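Read through the structure below, which is laid out as structure tokens, and then see the notes.
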Amino acid sequence: MGAFLEDAGVNASARSPRPPPSSSHPWLGALALALVLALSGCSAFSRAVKEGDAASQEQKWAEAEAAYLRALAADPEASEVKVKLGKVRQAWSEVVLADARAVHASGDLDGAMKRLVRALELNADNASARELLGATLDARVAAGNVALKAERLQDARTEFDAVLSVAPDHAAAKRGVDGVQVAWARRWFGTGEGLEKAGKLGNALVAYVRADQERVGATAARERAEAVRQKLRDEVAFLVVASPVEDRAGAPDVAQRLAAGRLAAMLPTQLPLRVVTEAPAGREGVALDLSLERVLPLQVVEESQRTQRYLAGNRSVPNPRRSGFETQLLKAERTLEDVERKQAAALREYLRMQAELSMVRVAAERCRERERRQCREALQDCGEAAREVSGPGQFPSECNPSRCDNKACVAEEVLLVAKAAASLQKEKALEEALDKSEGQRTQVQRHRDATFREPITVEEPMYSDFVFDVQLHRLTVTASVTAVMRDLIKEQQVPAPNTQDYAVMHEDTAHKGYDRYGVLADPVQLRNELELRVEVGDKAVSDVARRVKERFDAYRGKRVEDARRGMVRPGAEDVVETAVRALLLTADAPPQDILQPLGRARGLKRPESLVGL
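Residues in the sequence shown are numbered consecutively from 5, following the working numbering.
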């Protein structure tokens, strides 16, 4: 069958079929093309099967599989090819299994596992390969456990991961991975303890975080990391030494809002920014002295007037819609006059042309009557002359036909035709003018009806303004605060005091009620002066906290720049110490150009855990 199809395909390709005549069946060309394509497809299928059979006999399994797959691509329903492909893969699986046994015997478990996986991919029913693969996986797990006991954690993790890549549900391999994670966590925890004892708190924090990320709960790494983080915060903290507020205004309620506790509440809590009353020597920070100079409440009443518009009544006014309709009606009437004028002109032209046509018709009739009379006279003369002729073959001159062929009326006939055509044109023009006039009269009547249906006047509401008195009550509390801020480390000759005025204002309007005009009574509702005094104190301490934060930003900016300069070697211990302290100072927004390189250098999955996020 295959040879026959191949020969047919060859013969079909060798012979070029003659194209069918265009006048006969046009579908014969399409049928021939489909037959050629089918024969060529069968030829490719048979060649692929032959190549697969030959490669299978020579035990070239890869070439045989590729050939059978090409055959199935040409004919996906070929069951014989599917059977042959299955047999090739089974034989190939046995060959790979034999190779895997040899590699397994040599002790190369990784190579044996890869070959066994390939054997099962070729033949999933290969029980021998599956049994040997299970033994190989168990052997790799045993090797991983040996490496784990010998503290070769990386080798153990490699073995366990290789097993899980083939068998994700392997219980022993999962237990081995857990054991490796616990071992890594303990190792990093021990490293952190050693670094903490050596005073390298930044490196110790990184080690504790790494231990916690390796295995949560395996050690006390999270608690130790929090303790070390707190020590580092205390070390790099920016201190604000706030002395008691000097109340020169005699306003203890406002001075209380400027106390150190309120200032600490206004500062961000996630940053190492401390407000204290005393500070040890050699620490970064500022000394802050606040004095309340004065608190001035001021209440002002301003008189003004407002207007309230109300409905006073209705009045009759010309209807604007009627005016528009009247304008359209007048325009339509003017157009009708022009149309009627053109209609009258067309009627006059038509009547004039009819009169001329009647005159030309009368003249033409007279001319025709004259011709008929002359022709009758010529016929009488011809008859009389013919009777007088004695000899045969004689033709009298009175019988000349030209006497009846008178062309004197040709001009009258042409003029009559021209006048008739002109009269027909004038008639058509008159009919068009009559139609246009009738349509325009209809438009005029419609506009006239619309105009008369619209009333001449309409009712319009009439408004009036009622003027009434309004009182504006304004309560303002102003507090003057003097702040003296000096650095704890740098020596300053005379710190410059900074006095700022902070004002809080509240205002409300009040007026009487007039029910007749729709003005409801509005009594004054001012806030209490005590509330404004508290608010002005909060406003002042908030501004002081902002200036303290600016000093802190300048301080931590220098630390961050020092850490950035060391990012060329992010894994070095001195660089880690500087970088961790810079990150704690920028806990509100850690710079990624420091955080990410440090995390990659120390293998942290979540480097933001260093700052407690």
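In this text, a Cβ means the ideal position worked out from N, Cα and C, and glycines have one as well.
Everything numeric in this text was worked out from a predicted model, so none of it was measured.
Counting Cβ pairs closer than 8 Å, one from the stretch 251 to 269 and one from the stretch 571 to 578, do we hit at least three?
-> No, the stretch 251 to 269 is not in contact with the stretch 571 to 578.
Distance CB(leucine 267)-CB(alanine 487) smaller than 8 Å | What you label residue 267 is simply residue 263 of the sequence shown in a count that begins at 1. What you label residue 487 is simply residue 483 of the sequence shown in a count that begins at 1. The Cβ-Cβ distance between leucine 267 and alanine 487 does not fall below 8 Å.
Same chain, Cβ closer than 8 Å to histidine 515, neighbours up to 5 away in sequence not counted = The residue labelled residue 515 in the question sits at position 511 within the sequence shown. Result list for histidine 515: Arg310, Phe472, Asp473, Val474, Gln475, Val523, Ala525, Asp526, in chain order.
Would you list, in sequence order, the uninterrupted alpha helix (DSSP H) runs of no fewer than 4 residues that lie entirely inside the stretch 171 to 244?
-> Every alpha helix (DSSP H) stretch that sits fully inside the stretch 171 to 244 and reaches 4 residues is listed by chain position as 175 to 201, 205 to 218, 225 to 240.
According to DSSP, is glutamine 529 helix, strand or coil?
-> Sequence index remark: in the sequence shown, residue 529 carries index 525 (1-based). Looking at glutamine 529 - three-state DSSP - the assignment turns out to be coil, as it is neither helix nor strand.
Mapping DSSP to helix, strand and coil, what is serine 468?
-> On the sequence shown, residue 468 is found 464 positions in, with the first residue counted as 1. Here serine 468 sits in strand by DSSP.
May I have the straight-line CA-CA distance separating arginine 478 from glutamate 539, to the nearest angstrom?
-> Working through the sequence shown from its first residue, we reach residue 478 at position 474. Working through the sequence shown from its first residue, we reach residue 539 at position 535. Annotation: arginine 478 to glutamate 539 spans about 16 Å, alpha carbon to alpha carbon.
Can you round the beta-carbon distance between alanine 133 and leucine 89 to whole angstroms, since I take them to be within the 8 Å contact cut?
-> Residue numbering aside, residue 133 sits at position 129 when the sequence shown is read from its first letter. Residue numbering aside, residue 89 sits at position 85 when the sequence shown is read from its first letter. Actually they do not touch by this definition, with Cβ atoms about 19 Å apart.
Cβ pair lysine 346, alanine 437 closer than 8 Å | Position 342 of the sequence shown, counted from the start, is the residue given in the question as residue 346. Position 433 of the sequence shown, counted from the start, is the residue given in the question as residue 437. Closer than 8 Å, so yes.
Measure from the C-beta of alanine 433 to each C-beta in chain C and report whether the shortest distance is under 8 Å.
-> Judged by its chain identifiers, the structure shown contains no chain C, having just a single protein chain.
What are the boundary residues of the beta strand (DSSP E) that includes glycine 317?
-> The count along the sequence shown starts at 1 and reaches residue 317 at position 313. From DSSP, the beta strand (DSSP E) with glycine 317 extends over 289 to 322.
Express the C-alpha separation of arginine 179 and aspartate 173 in angstroms, rounding to a whole number.
-> In the sequence shown, the residue the question calls residue 173 occupies position 169. In the sequence shown, the residue the question calls residue 179 occupies position 175. Near 11 Å, if we compare the C-alpha coordinates of arginine 179 and aspartate 173.
Apart from the five residues on each side of it in sequence, which residues of its chain come closer than 6 Å, Cβ to Cβ, to asparagine 207?
-> Taking the first residue of the sequence shown as 1, we reach residue 207 at position 203. Within the same chain, Cβ atoms closer than 6 Å to the Cβ of asparagine 207 are found at Leu199, Glu577, Val580, the five residues on either side in sequence being excluded.
Select from Lys543, Leu120, Arg457 the residue whose C-alpha is nearest the C-alpha of asparagine 323.
-> By 1-based counting over the sequence shown, the position of residue 323 is 319. Here the closest residue by C-alpha is Arg457.
Once you ignore the five residues that flank phenylalanine 242 on each side, which residues in its own chain have a CB closer than 6 Å to its CB?
-> By 1-based counting over the sequence shown, the position of residue 242 is 238. If we look at phenylalanine 242 and ignore the five residues flanking it on each side, its Cβ neighbours are Leu277, Glu288, Gly289, Phe556, Tyr559.
For leucine 489, the nearest candidate out of Asp293, Arg606, Val299 (CA to CA) | On the sequence shown, residue 489 is found 485 positions in, with the first residue counted as 1. Per the sequence presented here, residue 489 reads as methionine, with leucine not at that position. Here the closest residue by C-alpha is Asp293.
Rounded distance between the beta-carbons of proline 594 and valine 615, thought under 8 Å = Residue 615 sits at position 611 when you count from the first residue of the sequence shown. Residue 594 sits at position 590 when you count from the first residue of the sequence shown. Contact flag correct, Cβ pair sits at about 6 Å.
When we look at the beta-carbon of leucine 534 and count the other beta-carbons within 10 Å, is it buried (16 or more) or exposed?
-> The residue you call residue 534 lines up with position 530 of the sequence shown. By the neighbour-count rule (16 or more Cβ atoms within 10 Å), leucine 534 is not buried but exposed.
Could you give the DSSP three-state label for aspartate 79: helix, strand or coil?
-> Start at 1 with the first residue of the sequence shown, and residue 79 comes out as number 75. Coil.
How should glycine 387 be labelled, buried or exposed, when 16 other C-beta atoms within 10 angstroms of its C-beta is the threshold for buried?
-> For the purposes of this step, residue 387 is identified with residue 383 of the sequence shown, where counting begins at 1. Burial call: exposed.
Limits of the alpha helix (DSSP H) - the one that aspartate 114 falls within | Within the sequence shown, the letter at position 110 stands for residue 114. 113 to 126 is the extent of the alpha helix (DSSP H) around aspartate 114.
So, helix, strand or coil for arginine 573, using DSSP?
-> Residue mapping note: residue 573 aligns to position 569 of the sequence shown, counting from 1. DSSP places arginine 573 in coil when its eight states are reduced to three.
Using DSSP with H/G/I as helix, E/B as strand and the rest coil, what is alanine 514?
-> As a position in the sequence shown, residue 514 is number 510, starting the count at 1. Strand at alanine 514.
Count the other CB atoms, across all protein chains shown, that sit within 10 Å of the CB of glutamine 234; report buried if there are 16 or more and exposed otherwise.
-> The residue labelled residue 234 in the question sits at position 230 within the sequence shown. Exposed: under 16 other Cβ atoms inside 10 Å.
Terminal residues of the continuous beta strand (DSSP E) containing proline 278?
-> As a first step, residue 278 is located in the sequence shown; it is residue number 274 there, counting from the start. Note on identity: in this sequence residue 278 is arginine, with proline being the wrong assignment. 277 to 280 is the extent of the beta strand (DSSP E) around arginine 278.
Is the CB-CB distance between alanine 82 and leucine 76 below 8 Å?
-> Taking the sequence shown and counting its residues from 1, the one referred to as residue 82 is at position 78. Taking the sequence shown and counting its residues from 1, the one referred to as residue 76 is at position 72. In this structure, leucine 76 lies closer than 8 Å to alanine 82 by Cβ.
Going by the beta-carbon positions, is the gap between tryptophan 192 and leucine 157 smaller than 8 Å?
-> Here the question's residue 192 lines up with position 188 in the sequence shown. Here the question's residue 157 lines up with position 153 in the sequence shown. Between tryptophan 192 and leucine 157, the C-beta gap is not smaller than 8 Å, which leaves the two residues out of contact.
What did DSSP end up calling glutamate 458 once you bin it into helix, strand or coil?
-> Position 454 of the sequence shown holds residue 458. Reduced to three states, the DSSP call for glutamate 458 is coil.
Close Cβ partners of histidine 29 (< 7 Å) along its chain, the five nearest in sequence each way excluded = On the sequence shown, residue 29 is found 25 positions in, with the first residue counted as 1. The predicted position of histidine 29 is uncertain, since its pLDDT is 41 and thus under 50; a value taken from the coordinates is nonetheless stated next. Beyond the five residues adjoining it in sequence on each side, histidine 29 comes within less than 7 Å, by CB distance, of no other residue in the same chain.
By DSSP, does asparagine 149 sit in helix, in strand, or in coil?
-> Position 145 of the sequence shown, counting from 1, holds the residue named residue 149. Here asparagine 149 sits in helix by DSSP.
Assign methionine 357 to buried or exposed, taking buried as 16 or more other Cβ atoms, counted over all protein chains shown, within 10 Å of its Cβ.
-> The residue labelled residue 357 in the question sits at position 353 within the sequence shown. With 16 or more Cβ atoms within 10 Å of its Cβ, methionine 357 is classed as buried.
Terminal residues of the continuous alpha helix (DSSP H) containing valine 258?
-> For the purposes of this step, residue 258 is taken as residue 254 along the sequence shown, with counting starting at 1. According to the DSSP assignment, valine 258 belongs to the alpha helix (DSSP H) that extends over 256 to 260.
From the DSSP output, in three-state form, read off glutamine 63 for me.
-> By one-based count along the sequence shown, residue 63 stands at place 59. Glutamine 63 falls in the coil class under three-state DSSP.
What first and last residue would you give for the alpha helix (DSSP H) that runs through leucine 623?
-> No answer is possible for residue 623: it lies beyond the span of the chain, which begins at 5 and ends at 617.
Using the Cα positions of aspartate 453 and glutamine 447, report the straight-line distance between them to the nearest angstrom.
-> To locate residue 453, count along the sequence shown from 1; it is residue 449. To locate residue 447, count along the sequence shown from 1; it is residue 443. Aspartate 453 and glutamine 447 have their C-alpha atoms spaced approximately 10 Å apart.
In this structure, does DSSP put alanine 16 in helix, strand or coil?
-> Here the question's residue 16 lines up with position 12 in the sequence shown. Unreliable placement is indicated for alanine 16, whose pLDDT of 36 sits below 50; the coordinate value is still reported in the next sentence. If DSSP states are grouped into helix, strand and coil, alanine 16 belongs with the helices.
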